[in-house]
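Novice: Counting along the sequence shown from 1, when you hit position 288 you're at 352 in my numbering, and nothing is skipped either side. Glycine included, every Cβ here is placed at the ideal spot set by N, Cα and C. Treat the numbers as computed from the prediction; the structure is a model and nothing was measured. My structure is below; once you've seen it, I'll send some questions.
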Amino acid sequence: MNVLVLGSGGREHAIAWKIKQSPLCTNLFVMPGNPGCAQIATLISGSPKDFNAVKEATLKNHIDLVVVGPEEPLVVGLRDFFEADDALKNVLFVGPKKAGARLEGSKEFAKEFMQKYSIPTAAFKSFCSETIAEADKFLETLKAPYVLKADGLAAGKGVVILNELEAAKEELRSMLSGKFGSASSRVVIEQFLSGIEVSVFVLTDGKDYLVLPEAKDYKRIGDGDKGLNTGGMGAVSPVPFVTEEFMGKVKSRIIEPTIKGLQSEGIDYKGFIFLGLMNCGGDPYVIEYNVRMGDPETEAVMTRIDSDLLSHLVACAKGELRNETIKIAEENALTVVCVSGGYPESYPKGLKITGTILLRENTYSGRVKVFHSGTAMNESGELVTAGGRVFAVTANGSYLSEGDIQKIEEGRASAYDIVDKIIFEGKNFRKDIGLDIIRYIKES
Ligand code: AMP
Ligand code: GLY
65 MNVLVLGSGG
75 REHAIAWKIK
85 QSPLCTNLFV
95 MPGNPGCAQI
105 ATLISGSPKD
115 FNAVKEATLK
125 NHIDLVVVGP
135 EEPLVVGLRD
145 FFEADDALKN
155 VLFVGPKKAG
165 ARLEGSKEFA
175 KEFMQKYSIP
185 TAAFKSFCSE
195 TIAEADKFLE
205 TLKAPYVLKA
215 DGLAAGKGVV
225 ILNELEAAKE
235 ELRSMLSGKF
245 GSASSRVVIE
255 QFLSGIEVSV
265 FVLTDGKDYL
275 VLPEAKDYKR
285 IGDGDKGLNT
295 GGMGAVSPVP
305 FVTEEFMGKV
315 KSRIIEPTIK
325 GLQSEGIDYK
335 GFIFLGLMNC
345 GGDPYVIEYN
355 VRMGDPETEA
365 VMTRIDSDLL
375 SHLVACAKGE
385 LRNETIKIAE
395 ENALTVVCVS
405 GGYPESYPKG
415 LKITGTILLR
425 ENTYSGRVKV
435 FHSGTAMNES
445 GELVTAGGRV
455 FAVTANGSYL
465 SEGDIQKIEE
475 GRASAYDIVD
485 KIIFEGKNFR
495 KDIGLDIIRY
505 IKES
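So this is what it looks like as structure tokens:
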């Protein structure tokens with residue numbers, strides 16, 4: 065079958081890399097993709113948010129299955145567009161309709177959904193500029209730190225956590241008066257949850273579901289979780305505290321009520337659900353829903369799926385997931401992201417990249433994969449930087465469940481060995497990916 069993956073980051077490179085291994089895959093396309101995707105697929109130029117461009121690409125290349133990487137095309141209704149178009153409505157599609165994508169597109173909707181279906185999450189209230197006085201009163205009832213969230217999509221920047229009440233009130237005013245444009249015309253204020261975060265990924269056809277390998281991402285720019293929030297500086301999978309018991313709670317308290325809730329709301333959901341969870345003393349709470357896979361978690365997660373992802377995706381799109389079983393490798397994956405100097409604030413683009421052969425050729429040496437995120441080819445055919453996050457380097461090592469720290473250390477060494485061989489001006493990366501996991505295993 066012919067498959068079209070939409071998106072251009074490391075997540076899409078990793079999804080395409082996994083799909084490419086399937087015997088069911090005849091031709092693979094990525095729109096717009098990046099030079100890494102070009103090693104394994106045909107690139108189609110254009111934006112996934114340009115519905116007519118996606119339609120043209122789908123029809124011209126006789127696409128059987130579309131897989132959407134980022135949330136934005138879904139939030140603005142790409143699947144609805146496919147279903148309403150006679151020429152597209154029979155094309156298999158992984159990704160929810162606009163109504164389902166509100167789980168990510170509106171924090172207020174997501175919080176009210178969780179409240180309605182008794183899914184554990186932080187206590188909250190939402191406010192607009194007419195209800196500032198009530199918002200102030202609500203803030204006064206909470207203990208620091210104060211968590212304020214723009215209701216709509218704000219390019220991952222819409223969550224602000226502050227220690228001082230006065231600063232929180234000031235931030236509330238700034239958000240409501242357009243700090244994040246219309247995304248912050250409504251603001252959710254919620255209770256601060258302390259614990260360790262974990263990302264759990266579900267593929268559902270609206271009735272049945274598969275749980276993909278879980279992962280932990282490293283959000284801050286600096287070692288030891290210091291500095292500004294980023295899109296993600298690294299990931300590890302598995303996460304040691306995600307025991308069978310913990311995952312049992314995630315399924316019964318969160319995944320199953322979420323799917324039942326979607327059904328009750330009349331929302332036909334076929335696609336990924338990424339649960340951003342907080343482990344509060346052994347109990348999972350939902351921090352956020354996303355309607356896509358995580359980045360850079362996907363670059364770790366895909367390398368641990370031993371079954372045929374394309375078969376799972378087709379079954380998801382057809383509503384036949386009950387027939388599928390996912391097989392997860394007994395090995396760990398560790399991903400280090402190389403970013404441009406200056407990221408997550410301003411950074412230069414177009415810097416020449418040199419280094420390992422893995423950047424140019426599809427010679428993924430067994431244990432290490434180099435997924436491209438923000439790269440491009442310049443007019444002279446040279447590989448250059450084109451984004452803040454430039455590469456995601458993933459290493460796999462066998463993982464023996466009980467405290468096999470040595471294997472994690474080997475994985476770290478392999479990943480950092482390749483990271484060192486990637487050369488571009490201002491390259492930055494975190495040196496401590498996986499160290500907290502090693503510490504956790506040693507202490508428990
Ligand atoms: P989000 O964009 O919803 O993922 O939020 C960004 C980050 O803010 C999360 O990954 C958490 O680290 C943090 N966060 C969000 N909500 C809370 C909360 N209620 N308590 C503690 N931390 C939170
Ligand atoms: N790594 C977190 C995200 O993709 O939102």
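Thinking Val41 and Lys113 are a contact (beta carbons under 8 Å), I'd like their distance in whole angstroms, please.
Specialist: Residue 41 cannot be examined here, being either before or after the span of the chain that is shown, 65 to 508.
Novice: Tell me whether the segment 468-478 and the segment 444-453 touch, counting them as touching only if at least three CB pairs, one residue from each stretch, are closer than 8 Å.
Specialist: Segments in contact, no.
Novice: As a quick exercise: from Lys433, Leu373, Ile390, Ile319, pick the residue whose alpha carbon is nearest that of Tyr181.
Specialist: Locating residue 181 in the sequence shown gives position 117, counting from the first residue. When each option's Cα is compared against that of Tyr181, the closest is Ile319.
Novice: Select from Arg476, Gly259, Val434, Arg237 the residue whose C-alpha is nearest the C-alpha of Ser249.
Specialist: Residue 249 sits at position 185 when you count from the first residue of the sequence shown. For the residues Arg476, Gly259, Val434, Arg237, the minimum Cα distance to Ser249 belongs to Arg237.
Novice: Quick check: what's the CA-CA separation for Leu464 versus Lys313?
Specialist: As a working note, residue 464 is residue 400 in the sequence shown. As a working note, residue 313 is residue 249 in the sequence shown. Any answer about Leu464 is weak, because its pLDDT of 45 lies below 50 and its placement is not dependable; what the coordinates show is given next. Leu464 and Lys313: Cα-Cα distance of roughly 24 Å.
Novice: For Tyr407, which three-state DSSP category applies?
Specialist: By one-based count along the sequence shown, residue 407 stands at place 343. Residue state, collapsed to three classes: coil.
Novice: Would Ser34 be called buried (16 or more neighbouring beta carbons within 10 Å of its own) or exposed?
Specialist: This structure gives no information on residue 34, because the portion of the chain shown stretches from 65 to 508.
Novice: Where does the unbroken alpha helix (DSSP H) through Leu240 begin, and where does it stop?
Specialist: As a first step, residue 240 must be located in the sequence shown, where it is residue number 176. 229-240 is the span of the alpha helix (DSSP H), which, as asked, contains Leu240.
Novice: Give every residue of the same chain whose Cβ lies closer than 7 Å to the Cβ of Glu489, excluding the five residues on either side of it in the sequence, and list them in chain order.
Specialist: Along the sequence shown, one-based indexing puts residue 489 at 425. So the list reads Leu415, once near-sequence residues are dropped.
Novice: Is Gln179 near ligand 1, with its Cβ less than 8 Å from a heavy atom?
Specialist: As a position in the sequence shown, residue 179 is number 115, starting the count at 1. Outside the cutoff, so no.
Novice: For Cys380, report the span of its alpha helix (DSSP H) as first-last.
Specialist: Stepping through the sequence shown from its first residue, residue 380 is reached at position 316. First-last of the alpha helix (DSSP H) with Cys380: 373-382.
Novice: Determine the DSSP secondary structure at Gly358, reduced to helix, strand or coil.
Specialist: On the sequence shown, position 294 is the one that residue 358 refers to. Gly358 falls in the coil class under three-state DSSP.
Novice: Does ligand 1 have a heavy atom nearer than 8 Å to the CB of Glu443?
Specialist: The residue given as residue 443 occupies position 379 in the sequence shown. No - ligand 1 has no heavy atom lying nearer than 8 Å to the Cβ of Glu443.
Novice: If you compare alpha carbons, which of Ser170, Lys283, Ser437 is closest to Ala80?
Specialist: Here the question's residue 80 lines up with position 16 in the sequence shown. Ala80 has its Cα closest to that of Ser437, out of Ser170, Lys283, Ser437.
Novice: Kindly list the residues whose CB is nearer than 8 Å to the CB of Lys491, restricted to its own chain and excluding five residues on each side of it in sequence; keep chain order.
Specialist: For this step, residue 491 is matched to residue 427 along the sequence shown. Hits under 8 Å: Cys402, Val403, Ser404, Gly405, Val454.
Novice: Cβ of Ile331 within 9 Å of Cβ of Arg368?
Specialist: Position 267 of the sequence shown holds residue 331. Position 304 of the sequence shown holds residue 368. Contact flag unset, no.
Novice: Following a CB-centred definition, is Ser258 positioned closer than 8 Å to any heavy atom of ligand 1?
Specialist: The count along the sequence shown starts at 1 and reaches residue 258 at position 194. The answer is yes for Ser258.
Novice: Starting from Ile104, trace the alpha helix (DSSP H) in both directions and tell me its first and last residue.
Specialist: Looking up residue 104 in the sequence shown gives position 40. Ile104 -> no alpha helix (DSSP H), and no H or E assigned at all.
Novice: Report back the beta-carbon spacing between Gly222 and Phe244 to the nearest angstrom; my notes put them in contact at under 8 Å.
Specialist: On the sequence shown, position 158 is the one that residue 222 refers to. On the sequence shown, position 180 is the one that residue 244 refers to. The Cβ separation is near 5 Å, so the contact holds.
Novice: Assess contact between the segment 99-119 and the segment 381-399, defined as three or more Cβ pairs (one per stretch) separated by less than 8 Å. Is contact present?
Specialist: Counting Cβ pairs under 8 Å, fewer than three are found: no touch.
Novice: Within the present structure, is the beta-carbon of Ser437 separated from the nearest heavy atom of ligand 2 by less than 8 Å?
Specialist: Here the question's residue 437 lines up with position 373 in the sequence shown. It does not: the Cβ of Ser437 is nowhere closer than 8 Å to a heavy atom of ligand 2.
Novice: Taking DSSP's pairing of strands, which residues face Met441 in a bridge?
Specialist: For the purposes of this step, residue 441 is taken as the residue at position 377 of the sequence shown. Met441 pairs with Leu447.
Novice: Assess contact between the segment 199-212 and the segment 259-267, defined as three or more Cβ pairs (one per stretch) separated by less than 8 Å. Is contact present?
Specialist: No: the two stretches stay apart, fewer than three of their Cβ pairs being nearer than 8 Å.
Novice: Buried or exposed for Leu377, going by 16 or more other Cβ atoms inside 10 Å?
Specialist: Counted from its first residue, the sequence shown places residue 377 at position 313. Buried, because 16 or more other Cβ atoms sit within 10 Å of the Cβ of Leu377.
Novice: May I have the straight-line CA-CA distance separating Lys334 from Ile285, to the nearest angstrom?
Specialist: By one-based count along the sequence shown, residue 334 stands at place 270. By one-based count along the sequence shown, residue 285 stands at place 221. Distance between the alpha carbons of Lys334 and Ile285: 34 Å.
Novice: By the three-class DSSP mapping on this structure, what secondary structure does Ile417 have?
Specialist: Here residue 417 corresponds to residue number 353 of the sequence shown, with the count starting at 1. Coil, per DSSP.
Novice: Let's see if you can read the secondary structure: which residues bound the beta strand (DSSP E) around His126?
Specialist: Counted from its first residue, the sequence shown places residue 126 at position 62. Note, His126: premise wrong, no beta strand (DSSP E); not H, not E.
Novice: Between Phe256, Thr205, Thr195, Ser246, which lies nearest to Val224 when the distance is taken from Cα to Cα?
Specialist: Against the sequence shown, residue 224 aligns to sequence position 160. Selected option, being the one with the closest Cα: Phe256.
Novice: My guess is that Pro348 and Gly298 are in contact by the Cβ rule of under 8 Å, so how many angstroms apart are they, rounded?
Specialist: Locating residue 348 in the sequence shown gives position 284, where the first residue counts as 1. Locating residue 298 in the sequence shown gives position 234, where the first residue counts as 1. About 22 Å separates the two Cβ atoms, so there is no contact after all.
Novice: Judging by CA-CA distance, which residue of Phe146, Ser241, Tyr210, Ala186 is the nearest neighbour of Leu226?
Specialist: Walking along the sequence shown from the start, residue 226 turns up at place 162. Ranking Phe146, Ser241, Tyr210, Ala186 by Cα distance to Leu226 puts Tyr210 first.
Novice: Which word fits Lys508, buried or exposed, when buried means at least 16 other C-beta atoms lie within 10 angstroms of its C-beta?
Specialist: The residue given as residue 508 occupies position 444 in the sequence shown. For the record, residue 508 in the displayed sequence is Ser; it is not Lys. Exposed, because fewer than 16 other Cβ atoms sit within 10 Å of the Cβ of Ser508.
Novice: Start and end of the beta strand (DSSP E) containing Thr268?
Specialist: For the purposes of this step, residue 268 is taken as residue 204 along the sequence shown, with counting starting at 1. Here the beta strand (DSSP E) through Thr268 covers 260-268.
Novice: Applying the 10 Å Cβ sphere with the 16-neighbour rule, what's the burial state of Gly419?
Specialist: Locating residue 419 in the sequence shown gives position 355, counting from the first residue. Label assigned to Gly419: buried.
Novice: Let me make sure I understand the geometry here. Which of Gly164, Asn91, Asn396, Ser316 has the alpha-carbon closest to that of Asn460?
Specialist: Here residue 460 refers to the residue found at position 396 when the sequence shown is read from its first residue. Per the Cα distances, Asn396.
Novice: To the nearest angstrom, how far is the alpha carbon of Asn116 from that of Ser170?
Specialist: By 1-based counting over the sequence shown, the position of residue 116 is 52. By 1-based counting over the sequence shown, the position of residue 170 is 106. Roughly 25 Å between the two C-alpha positions.
Novice: Under 8 Å from any heavy atom of ligand 1, does the C-beta of Ile285 make it?
Specialist: Taking the sequence shown and counting its residues from 1, the one referred to as residue 285 is at position 221. Result no, Cβ not under 8 Å from ligand 1.
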